[in-house]
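Residue numbering for the sequence shown follows the working numbering, beginning at 3 and increasing consecutively.
Backbone N, C-alpha and C fix where the C-beta goes; we use that ideal spot for every residue, glycine too.
This structure is a prediction, so every number in the text was calculated from the model and none was measured.
Have a look at the structure below, then the notes.
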Amino acid sequence: VDNASVHDELMATLTKDVKLDKGRPEYHRVSLQRAQTPHDKLQYSYHATSTGVQRSSRVLSLRSADGLMMLPRGGPLGCGQDVAKKGQAYPVLLYQSSSYAMRCGTRFSESMHRRMLETKVKVEPSEKLHL
């Protein structure tokens, strides 16, 4: 299992606040925008925008989504927050490899997804997610 290929992934910053589910971690459909970093024109940062209501019946939101942002469980039994705030960064599993991908051939043993599942996530005051 550790050597299994998984979806490519990257870190992206939220463009708006997203309410966290207090009952469980969530895979939130997002569209991505890539921007050059101000200090190095060869590096990029990624910004994630929710596709809207996340109900399973909202299949059309898949059309505008580039991937699934892995959000932690909210509340006191989760990350301690009720909201993932604008500016916080979280891992995104990409639907398909594209120019967004920072690397190809991601293995489960190396994935951010695995680390997030194995670790109780705590959001730091700096508003960055540390896995």
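Annotated three-state conformation of Ser111 is helix, per DSSP. Judged by DSSP in its simplified three-state form, Val55 adopts coil rather than helix or strand.
Under the three-state reduction of DSSP, Pro27 is assigned to coil, being neither helix nor strand. The beta carbon of Ser33 sits closer than 7 Å to those of Thr51, Thr53, Ser66, Ala67, Asp68, all from its chain and outside the five residues before and after it, given in chain order. When C-alpha distances from Gln56 are compared across Tyr29, Val85, Asp10, Met13, the shortest belongs to Tyr29.
Remark: C-beta atoms of Gly89 and Leu44 do not approach each other more closely than 8 Å. Around the beta carbon of Pro93, 16 or more other beta carbons sit within 10 angstroms, so the residue counts as buried. Judged by beta-carbon spacing, Asp84 lies within the 8 Å limit of Leu22, meaning their Cβ atoms are closer than that value.
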